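Asker: Have a look at the structure that comes next, please.
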Amino acid sequence: MSKRHKKLEVNQRCLPDTGSSPGVIYLDDSSLEPKLTLHRISGAQYTSENIDSFAGVYESIKTTKQTFWLEIKGFKSLPMFDLLQNEFGINKLTLEDITRTHERPKFEEFETYAFAVSRMLMLNEEKELENTQVSFILMDNALITFQEHYVDCIQPVRDRLTAGKGTIRIGGASYIMYAVMDVIIDTYIEILGGWGDELEEIEDRLMDKPERSIMYDTQLIKRHLISIRRVAWPEKDKINDIMRSDSPFIQKQTKIYLKDAYDHCIQAIDLIDSLKEISVSNIDMYLSMISIRMNEIMKVLTIISSIFIPLTFIAGIYGMNFSREDPVTGKLMPMNMPELYSPHGYLYTVIIMVIMAVLQLVYFQKKGWFK
Amino acid sequence: MSKRHKKLEVNQRCLPDTGSSPGVIYLDDSSLEPKLTLHRISGAQYTSENIDSFAGVYESIKTTKQTFWLEIKGFKSLPMFDLLQNEFGINKLTLEDITRTHERPKFEEFETYAFAVSRMLMLNEEKELENTQVSFILMDNALITFQEHYVDCIQPVRDRLTAGKGTIRIGGASYIMYAVMDVIIDTYIEILGGWGDELEEIEDRLMDKPERSIMYDTQLIKRHLISIRRVAWPEKDKINDIMRSDSPFIQKQTKIYLKDAYDHCIQAIDLIDSLKEISVSNIDMYLSMISIRMNEIMKVLTIISSIFIPLTFIAGIYGMNFSREDPVTGKLMPMNMPELYSPHGYLYTVIIMVIMAVLQLVYFQKKGWFK
Amino acid sequence: MSKRHKKLEVNQRCLPDTGSSPGVIYLDDSSLEPKLTLHRISGAQYTSENIDSFAGVYESIKTTKQTFWLEIKGFKSLPMFDLLQNEFGINKLTLEDITRTHERPKFEEFETYAFAVSRMLMLNEEKELENTQVSFILMDNALITFQEHYVDCIQPVRDRLTAGKGTIRIGGASYIMYAVMDVIIDTYIEILGGWGDELEEIEDRLMDKPERSIMYDTQLIKRHLISIRRVAWPEKDKINDIMRSDSPFIQKQTKIYLKDAYDHCIQAIDLIDSLKEISVSNIDMYLSMISIRMNEIMKVLTIISSIFIPLTFIAGIYGMNFSREDPVTGKLMPMNMPELYSPHGYLYTVIIMVIMAVLQLVYFQKKGWFK
Amino acid sequence: MSKRHKKLEVNQRCLPDTGSSPGVIYLDDSSLEPKLTLHRISGAQYTSENIDSFAGVYESIKTTKQTFWLEIKGFKSLPMFDLLQNEFGINKLTLEDITRTHERPKFEEFETYAFAVSRMLMLNEEKELENTQVSFILMDNALITFQEHYVDCIQPVRDRLTAGKGTIRIGGASYIMYAVMDVIIDTYIEILGGWGDELEEIEDRLMDKPERSIMYDTQLIKRHLISIRRVAWPEKDKINDIMRSDSPFIQKQTKIYLKDAYDHCIQAIDLIDSLKEISVSNIDMYLSMISIRMNEIMKVLTIISSIFIPLTFIAGIYGMNFSREDPVTGKLMPMNMPELYSPHGYLYTVIIMVIMAVLQLVYFQKKGWFK
Amino acid sequence: MSKRHKKLEVNQRCLPDTGSSPGVIYLDDSSLEPKLTLHRISGAQYTSENIDSFAGVYESIKTTKQTFWLEIKGFKSLPMFDLLQNEFGINKLTLEDITRTHERPKFEEFETYAFAVSRMLMLNEEKELENTQVSFILMDNALITFQEHYVDCIQPVRDRLTAGKGTIRIGGASYIMYAVMDVIIDTYIEILGGWGDELEEIEDRLMDKPERSIMYDTQLIKRHLISIRRVAWPEKDKINDIMRSDSPFIQKQTKIYLKDAYDHCIQAIDLIDSLKEISVSNIDMYLSMISIRMNEIMKVLTIISSIFIPLTFIAGIYGMNFSREDPVTGKLMPMNMPELYSPHGYLYTVIIMVIMAVLQLVYFQKKGWFK
C-alpha cells in the first residue's frame with residue numbers, strides 16, 4: 001500500500017503551478033544546497049575537484065583546450081543561476097526547465113549550447129522507484145550536468161574517467177554526455193531485470209496458492225512498468241534527435257556510440273513490453289485459478305450435500321411419529337408407517353441408503369468430478 | 001447519478017441544429033448579457049476598464065501602438081456582432097464558431113486576423129466538470145477573447161498583467177493569447193491532479209471493502225478522463241498548428257513559449273493516459289476482490305455444510321423409530337436398530353461423529369482452505 | 001430481436017452479385033418509379049416544379065446562367081439512364097454506382113462532371129436505422145441528386161431555398177451539394193444524440209435492476225454505433241477529398257463551408273467513440289453488478305446455512321432414540337444420552353444454541369458481511 | 001471439431017521445407033495432372049478449346065493480334081514448366097511461386113510479363129473453407145492462369161466470355177485478369193454473407209438457450225474471419241499495386257475497373273470487421289447469459305434453503321427427546337420442553353413457522369429476487 | 001514450470017553490464033573454444049576444412065578470386081579478435097556486438113564490410129526454445145559467420161554447398177549469407193508449426209476436460225510466441241534494410257532472392273499472429289467451460305437441495321414430540337398434531353411429498369435445467 005501511494009505522489013509533484021509566469025527559477029523548501037564538482041580532462045591528464053563556486057570556470061573553458069565536466073547537484077542558489085544566465089549565456093527558459101524537474105526527456109539546440117534532459121530512475125532502499133531529472137548543457141568543450149538530489153547512478157562514468165581506459169578521456173564533452181545517458185539507460189534495464197525476477201517469484205507463489213497479494217504485487221509492477229515506459233519512449237526519441245541533429249556540439253564519432261545507446265533503449269522498451277505481457281498473463285492465470293478453486297469448492301459442497309441431504313430426508317421419514325394405534329380407541333392403524341414394524345425395516349432402509357449414495361458417487365464419477 | 005447525467009447533457013447540448021444555415025449567430029435564452037473589459041498595455045503603463053460598448057475601440061487599435069486585450073463575456077447582443085463583422089472585418093463563419101460554443105480546439109488564419117478556439121475545463125462547486133469555450137481573435141496589436149459564461153480560470157493572466165513582471169506586458173497580443181492558453185492547459189493538469197487524488201482515495205476504500213460505489217466512482221472518473229482526452233488531443237494539435245504557422249500575428253519569440261505550452265499539453269495527455277490505466281487497474285482489482293470474496297463466502301458455506309450435513313444425517317439415523325418389538329405379537333425384532341440398545345451406543349456415535357468432523361477439517365486444512 | 005435482424009439484412013443486401021459484369025444498371029422489383037423535381041435558382045428568383053421527364057433539361061442547363069438542381073428519387077426507368085449517359089455524358093460506371101446503392105462515401109472527378117456518394121441515415125417509425133444512398137452529379141451550374149427511396153432528411157435544404165436567406169440561392173450548384181451533405185451529417189449527430197439519451201435511460205435501468213434486456217439493448221446500440229462509424233469515416237475522407245480537389249465544379253468559397261461540414265463530421269466521429277465508450281462501460285457495470293448480486297445472494301445463503309445447519313445438528317443429536325434401559329433386561333444404561341434426563345438439559349441446550357448463533361453472527365459481522 | 005482441425009492443417013501445409021534451394025518446382029504426390037484450356041478472343045469471335053499441350057501456343061501469341069487466355073489447372077508436368085521457362089521466358093522464381101501454393105497475394109513486374117497471385121476462397125460441400133492459389137502471368141496480349149485444383153469459382157468469367165456482352169471480349173488480357181480477380185473478391189463477400197447468416201442463426205440459438213456449442217461455433221467463425229482477413233488485406237494492397245504500377249501490360253481503362261475491385265475489397269474488409277465485432281458481441285452475450293443463469297440458479301437455491309433450513313431447525317427442536325420426568329425418581333422436570341405439553345404448542349409452532357417463512361418471502365421480494 | 005523459468009533467464013542474461021565501456025570484447029566462463037571451418041568455393045570446385053587459425057586467410061581472400069566462407073563457432077580467443085580488428089579491419093564496436101550475443105537483428109554498413117545479425121531459434125532436446133545469435137561479416141568475396149554455440153540449424157546450407165546444385169556455389173558471398181538467413185527464418189516457421197500442433201492437441205484436451213494444465217501450457221506457448229515475434233519483426237526490417245541498401249557487398253541478383261526471404265518472414269509473422277489468436281481463443285474457451293461447469297455443478301446442488309430440503313422439513317414436522325395428552329392431568333390435547341393420529345396420516349404425507357417433488361421437477365424442467 002505505502003509503496004503505491006509514494007508512486008502517485010511522485011507523479012503529482014510534477015505538476016507546475018497553474019498560471020505561473022514562464023522562465024522562472026523554481027526553488028522550494030525541499031531544494032538542496034548545491035554541490036559542485038569540476039572534472040578537467042585532457043587525454044592523459046585528469047583532475048576532479050569539489051569546488052564552492054564556478055565563478056572563474058567559464059574563463060578557463062573559453063581559454064584552454066581541456067574538456068570540462070561541471071557537475072551541479074542541488075539548486076538552492078539563485079546567484080548560481082544568475083551566473084549561468086549572464087556569463088554562460090544560458091536562456092532563462094532552459095534554466096526553468098532545469099529547476100522544474102518534471103520535464104520529459106528532450107533535446108533542444110541553442111546558438112551557444114545544446115540542452116538535453118534525461119530521467120534517472122533508481123530504486124531506493126525501500127525498493128521504491130525514484131524518478132529524478134538529469135539535465136545537460138553541452139558546449140564546445142564543456143558539459144554541465146544538473147541533478148536535484150545528491151544520490152545518482154552515474155558513478156561508473158566517474159570511475160571510467162579515473163581509470164582512463166577507452167574513449168572516455170579523449171571523446172570530448174559530447175562523449176561524456178553520451179556515457180552518462182548510456183549509464184542511465186542501462187540502469188533502466190537493470191531495474192527491469194529486478195522486476196523480472198520479482199514477477200518470476202510472484203509466478204511461483206501463484207502456483208503455490210492464489211492469494212490476494214499476488215494481484216496487488218503484480219498490479220504494482222504493472223503500474224511501475226507503465227511509468228518507466230512513459231520515460232523510455234521519449235528517451236528513445238531524444239537520442240534519435242541527438243543522432244540526427246547537426247549540432248556542432250555533438251562530435252561525429254559520438255553519434256556512432258549514440259546508436260548503441262539507442263539500441264539499448266529499444267531493448268529496454270522491448271523488455272518493458274515483454275514484462276507487461278508477463279504480468280498480464282500472471283493476472284489472467286490468477287483469475288483463472290480463482291475460478292478453478294471456486295469450481296473445486298463447489299464440487300465438494302455439491303457432492304456432500306447431494307449425497308447426504310436425500311439420505312437425511314429418508315432418516316427424517318422414519319423419525320416421524322405417526323401413531324400405530326388410535327390413542328383414544330386403541331384401534332390399530334396399519335397404514336401408518338408399517339415399515340417401522342417390519343422385522344428387517346432398519347436393514348432394508350440402510351441398504352437403500354447405501355445404494356443411493358453409491359449411485360450418486362457413480363454419477364459424479366462419470367461426470368468427471370473426481371478427476 | 002446526477003453527476004453523470006449532467007455530463008452527458010453537456011455533450012448533447014453541443015449538437016448543432018440539423019440543417020440550419022451556416023454563418024448564423026447562435027443565441028438562445030440562456031445567453032448572457034455581454035460584459036466587456038478592455039486592457040490597454042504599453043510596457044510600463046497598463047490600464048484595465050470595464051466598458052459598455054467597444055464602438056470606438058477599433059479606431060484606437062488602428063491608430064495607437066499600444067497592445068489591446070478586449071475580453072467579451074456573454075454574447076446576448078446582436079449589434080456587438082454587427083460591429084465585429086463590419087468594423088473589425090471578422091468573417092461571419094468565425095462569428096458563428098464563436099457563438100456555437102461546441103467547437104473543437106482549432107487555429108484558423110484569415111487575412112486580417114487569426115482565429116483560435118480553446119476549451120476551458122473547470123470544476124464547479126458540485127465538483128462537476130464544466131466544459132466551456134474560449135475563442136480568440138488575434139490581430140496585429142490586439143487580442144479579443146470570447147467566453148460564454150462570466151466565471152473563468154484565467155484570472156492569473158490578469159494578475160500577471162497587473163503585477164507587470166516578466167514578459168506579459170511587453171510580449172504583445174500573441175503572448176497574451178499564449179498566456180491564456182497556457183493557463184487553460186495548466187488547469188487541465190490541476191483537474192487531473194484532483195482526480196488522481198480521488199483515485200487514490202478510491203483505491204484505499206477498495207482495500208477496505210469492495211463496495212458497489214467504487215465501480216460507479218471509478219467509471220465516472222474514467223468517463224471524465226475520456227472527455228478531457230477528447231479536448232487535450234486537438235488542443236495539442238492546435239498549439240502545434242500555431243507554432244508551425246507563419247501567421248504575421250504570432251511573434252517569433254511567442255513560439256518559443258508555445259513550445260512550453262505544447263510540452264505541458266503532452267504532459268496532460270500523459271497524465272490522462274496514466275490515470276486511465278490506474279482506473280482500469282482499480283476496476284480489475286475490484287472485480288478480482290469480488291471473486292476472492294465469493295471464494296471466501298463459498299468456503300465458509302462449504303466447510304460448515306460439509307461437516308454438519310453428514311453428522312446431522314447420522315443423528316437422523318438414530319432418530320428413526322424402527323420398532324424393537326412387533327406391536328401386535330410383542331416379538332422382539334433384534335435387527336431393528338440394535339445400536340440404540342447398546343450400553344455405549346451413544347458414546348460410540350458421538351466418537352464417530354467427532355472423528356468424521358476432524359477428518360474433514362484435516363482434509364480442508366490440507367486443501368489450504370484455512371489459509 | 002426483430003430490430004437486430006433487420007439491421008443485418010441491411011448489411012447483406014449491400015452485397016453485389018458475384019461475377020456480374022461492371023457498368024450495368026442495377027434495378028430490381030423493389031425499385032421505385034422515378035419522381036423528378038427541378039429547382040431553378042437565379043439569385044432572387046427561385047422556382048421548383050415536379051416534372052415527368054428531363055428530356056429538354058440539359059439544353060436549358062447549357063444555355064441559361066441559372067443554377068439547376070434536379071432531384072431524382074426512384075430509379076425504375078431505363079430511358080432515364082440512357083438520357084443521362086447519352087445527353088449528359090455520364091459514364092456508365094458512375095450510373096452503376098448510382099443504382100447499386102451500397103457504395104461507400106466517395107468523391108470522383110470526371111472531365112465533364114464530379115461524382116459523389118453520401119450515405120443517408122434515418123430512423124424510421126419503428127426506430128430502425130435506414131441506411132440509404134444519396135448520389136451527386138455536379139456540373140458547372142447544375143446538381144443532380146439521386147435517392148432510391150422517396151423519404152429523406154434533406155427537407156431543410158429545400159426550405160432554405162424557399163426562404164432564400166443566406167448563401168443558399170447565390171452559392172451555386174456546389175453550395176447546394178454542400179448543403180445537402182451537411183444536412184446528412186447533421187442527421188448523423190441527431191441520431192447519435194437519440195442513442196445517447198437511450199444509453200442514459202439504460203443506465204438508469206441498470207442502477208435500478210440489472211436485467212437481461214440491458215445487455216441486449218446496449219449491444220444493439222453498440223452495433224448501430226459500429227455501423228454508423230463505418231459510414232462516418234469514409235464520409236470524412238470524402239469531404240476532405242472534395243476540399244483538396246482542384247475540380248472546377250467546386251467553387252472556392254464552398255470549400256470554406258466544407259471545412260465546417262468536415263468539423264461536424266469529426267464531431268460525429270468523436271460522439272460515436274464517446275457513446276461506444278459509454279456502452280462498453282455500461283456493459284462492464286452490468287457484469288460487475290451481476291457479480292455483486294451473486295455475492296449478496298451467496299452471503300444470505302451462507303449466513304443462514306452456517307447458523308442453522310449446526311443448530312439443526314444439535315437438535316438432531318437430542319432427537320436420537322438411544323435407550324436409557326436395556327429393553328430385555330431392563331438394566332439402566334446411564335451412558336446413553338444422560339443429558340436428556342438432566343432437569344435443565346433443554347435449557348442448557350437452548351442456551352448453547354443461542355451462544356453458537358451469536359458467535360457466528362459476530363464472526364460474519366467482523367468479516368463485514370452485513371455491510 | 002473436425003472442421004477446425006481441417007482448417008489448421010491448411011495453414012500448416014503452407015509451410016515451405018526448411019533450407020530447400022529457391023527456384024525449384026515444387027510437386028508432390030497430391031499434384032494433379034494438368035488440364036489446359038485455351039480461350040482465343042478477338043472482339044466478335046471467341047473460341048475456347050481444351051488442349052493437351054501448349055507447344056505451339058507461344059508462336060500464335062506472338063504472331064496474331066488476338067487476345068489469349070490460357071488456363072492451366074494442375075501442375076504435374078515438368079515439361080510444361082520447362083516450356084514456360086524456355087519458350088515463354090518465365091523466371092524460375094516465378095515458377096516456384098506458382099507451384100508453392102502458399103504465397104500471399106502480390107504483384108510483381110518483370111521485363112516480359114507481370115506476375116500476380118490471388119487467393120481463391122471457396123466453401124466445399126462440408127462447408128469447410130478451401131484456400132487455394134490462383135497465379136496470373138500477364139503478357140501483352142495473353143493471360144495465363146494457374147490453379148492447383150480443378151474446382152474453382154471463376155465460371156462467371158467464362159460465361160461472360162461466351163455471352164460476349166460488355167467489355168469482356170474487347171478489354172484485352174488485363175481486363176480478363178481483372179475480371180477473374182473481381183470474381184474471386186466477390187466470392188469472399190459471398191462467403192462472408194453466409195457466415196453473417198450463420199452468426200444470426202447462432203444469435204437466435206443464444207436467445208433460446210446458452211449452450212456450449214454456441215461458444216464453439218462462434219469461435220470457429222471468428223477464426224475463419226481471421227484467416228480471411230489475412231487474405232483480404234494483402235489482396236487489397238496487391239490491387240492497389242496494380243493500379244499504381246506503370247506496367248505496359250495493364251491497359252489504362254482496366255485501371256478504372258480495378259478501382260471498382262479495390263472498392264469491393266475494402267467492402268469485404270469492412271464486412272469482416274463488422275462480422276468479427278458481431279461474433280465478439282455474441283461471445284460477450286453468451287458469457288453474460290451464463291452469469292445471469294448462475295444468478296438465477298443461486299437465487300432458487302438460496303430462497304428455498306433460507307426458508308426451509310430455519311423451519312427444519314425448529315421442527316428439530318421439538319423433535320428432541322428431553323425427558324419430562326426423571327426416569328429413576330419419576331420426578332417431574334418442568335423445565336424440559338414445556339412447550340410440548342402446552343395444549344396449543346403445535347398450533348403456535350406452526351404459526352411461528354408460517355410467520356418466519358412469510359417474513360423471508362417479503363425480504364426476498366423487497367430485494368427484488370422475484371423480478 | 002522449469003521451462004518457463006529457463007525462458008526468462010534467457011531474457012535476462014541478455015542484459016549488458018550497467019555502465020561498462022563500449023567496444024569491449026565480452027567473454028565469460030561459459031564462452032566456448034573457437035572452432036573454425038573454412039569453405040572455399042569457386043564454381044565447380046568446393047573444399048571445406050576445419051582449421052586451427054585463420055592467420056593467413058585474409059591474404060588468400062585478397063589475392064584469389066574464390067568465394068570464402070569462414071565459420072567461427074565459440075569466441076574464447078582474444079588473439080582471434082585482435083586478428084579480426086587489425087588484419088581484417090573490423091571495427092571494435094562490431095566485435096563487441098558479435099560477442100555480446102543479445103543484439104536485435106540489424107544490418108550495418110561499414111567502409112570495408114557489411115555487418116548483420118540474425119537470431120537463431122531452435123528447440124533443444126527438452127523442447128525449450130534456444131535463442132542464439134548469428135553474426136555476419138560480409139566482404140567482397142568472403143563471408144564470416146559467428147555463433148556462440150556449436151549446435152546450429154544451418155546444416156542445409158552446407159549440404160547444398162556440398163551438393164553444388166542451384167545458385168549456391170556461383171551466387172557469391174552475399175548469396176551464402178542470404179541462404180543462411182533464409183534457413184534461419186524457415187526454422188522459425190518450422191518451430192511455429194510445432195506449436196501449432198501443440199495448440200491443436202491442447203484444444204483436444206480442452207474439449208475433453210478443462211483442467212488447470214491447459215491454462216499453463218497455452219500461456220507458455222503464448223509467451224513463446226511473444227518472444228519469437230520480438231525476433232521476427234526486426235528480422236523483417238533487417239532484410240528490408242539489406243534489400244534497399246546500395247552496399248557493394250550485396251549482389252543485385254541476391255536481392256531478388258532476399259525478396260523471397262522477406263516474404264517468408266512476413267509469413268512467419270502472419271503465422272505468429274494467427275497462433276496467438278488461437279491461443280487467446282483457447283483461453284477464452286477454457287474460461288467459458290469453467291463457467292459452464294460451475295453452472296452444471298450448481299444446478300445439481302440446487303435441484304437436489306430444493307427438492308429434499310422442503311421434504312425433510314415436512315418429515316421434521318411429524319417428528320416433533322408435541323404431547324397428545326397432558327402428562328400431569330392426562331387431559332387430551334386434540335390440537336397437538338392431530339395428523340399423527342389419523343389412520344391415513346402417513347399415506348397423505350407421503351402423497352403430499354411426492355406431489356411437491358414432482359412440481360419442483362416440472363418447474364426445473366420448464367426452466368430448461370435438465371437440457
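Listed in order, the protein sequences are those of chains E, X, Y, S and P.
Using the working numbering, the first residue of the first sequence is number 1, and each one after it goes up by one.
Using the working numbering, the first residue of the second sequence is number 1, and each one after it goes up by one.
Using the working numbering, the first residue of the third sequence is number 1, and each one after it goes up by one.
Using the working numbering, the first residue of the fourth sequence is number 1, and each one after it goes up by one.
Using the working numbering, the first residue of the fifth sequence is number 1, and each one after it goes up by one.
The C-beta atom is built at its ideal place from N, Cα and C for all residues, glycine as well.
Predicted model only: the values in this text are computed from it and were never measured.
Do Y113/Y and I90/Y have their beta-carbon atoms positioned less than 8 Å apart in this structure?
Answerer: Result yes, Cβ atoms of I90/Y and Y113/Y sit closer than 8 Å.
Asker: Return yes when at least one heavy atom of the ligand NAP lies under 7 Å from the C-beta of D28/E, else no.
Answerer: This structure lacks the ligand NAP; in fact it carries no ligand of any kind.
Asker: If the criterion is Cβ atoms closer than 8 Å, does the pair G373/P and F313/E meet it?
Answerer: Outside the displayed span of chain P (1 to 371) sits residue 373/P, for which this structure offers no information.
Asker: Please list the terminal residues of the continuous beta strand (DSSP E) segment that includes F68/X.
Answerer: Residues T67 to K73.
Asker: Identify, in the order they occur along the chain, each residue of the same chain with its Cβ nearer than 6 Å to the Cβ of L332/Y, setting aside the five sequence neighbours on each side.
Answerer: Excluding positions up to five away in sequence, the list reads E325.
Asker: Is there contact here, the segment 192-209 of chain E with the segment 74-84 of chain E, by at least three beta-carbon pairs under 8 Å?
Answerer: Segments in contact, no.
Asker: Cβ closer than 9 Å: which chain E residues qualify as neighbours of N240/X?
Answerer: Per Cβ cutoff of 9 Å: no residues; N240/X is ~15 Å from chain E at best.
Asker: Helix, strand or coil for M320/Y per DSSP?
Answerer: Correct three-state label for M320/Y: coil.
Asker: Is the shortest distance between the beta-carbon of I41/E and the beta-carbons of chain P less than 8 Å?
Answerer: No, because no Cβ of chain P sits closer than 8 Å to the Cβ of I41/E.
Asker: Evaluate S213/P with the Cβ neighbour count: other Cβ atoms within 10 Å of its Cβ, from every protein chain shown; 16 or more gives buried, anything less gives exposed.
Answerer: That one is exposed.
Asker: Excluding sequence positions up to five away, which residues of its chain have a Cβ less than 7 Å from the Cβ of L271/P?
Answerer: I189 and L192.
Asker: What are the uninterrupted segments assigned as alpha helix (DSSP H) that are 4 or more residues long and contained completely in the segment 167-206 of chain P, given in chain order?
Answerer: Complete alpha helix (DSSP H) runs here, min 4: none at all.
Asker: When you compare only the Cα positions, how much space is there between I256/P and V180/X?
Answerer: Between I256/P and V180/X, the C-alpha separation is close to 59 Å.
Asker: Whose Cβ in chain X lies nearer than 8 Å to the Cβ of Q219/E?
Answerer: Within 8 Å Cβ-Cβ: S281, D284 and M285.
Asker: I need the straight-line Cα distance from M1/Y to S288/S, nearest angstrom please.
Answerer: Because M1/Y sits at a pLDDT of 36, beneath the cut-off of 50, its placement in the model cannot be relied upon, and the following sentence gives the value as read from the coordinates. Near 17 Å, if we compare the C-alpha coordinates of S288/S and M1/Y.
Asker: Determine the chain S residues that contact Y341/Y at a beta-carbon separation under 7 Å, and present them in chain order.
Answerer: The contacting residues are S323, D326 and P327.
Asker: Against chain E, does N295/X count as a neighbour if the rule is that its beta carbon must be under 8 Å from one of theirs?
Answerer: It does: the Cβ of N295/X has a partner Cβ on chain E nearer than 8 Å.
Asker: Once DSSP output is grouped into helix, strand and coil, what is the label at I51/X?
Answerer: Note: I51/X maps to strand in three-state DSSP.
Asker: Have a look at the DSSP bridge pairing and note the partners of K377/S.
Answerer: The requested residue 377/S is not part of the displayed model; chain S covers only 1 to 371.
Asker: If we call anything under 8 Å between Cβ atoms a contact, is Q66/E one with S42/E?
Answerer: The answer is yes: Cβ separation under 8 Å.
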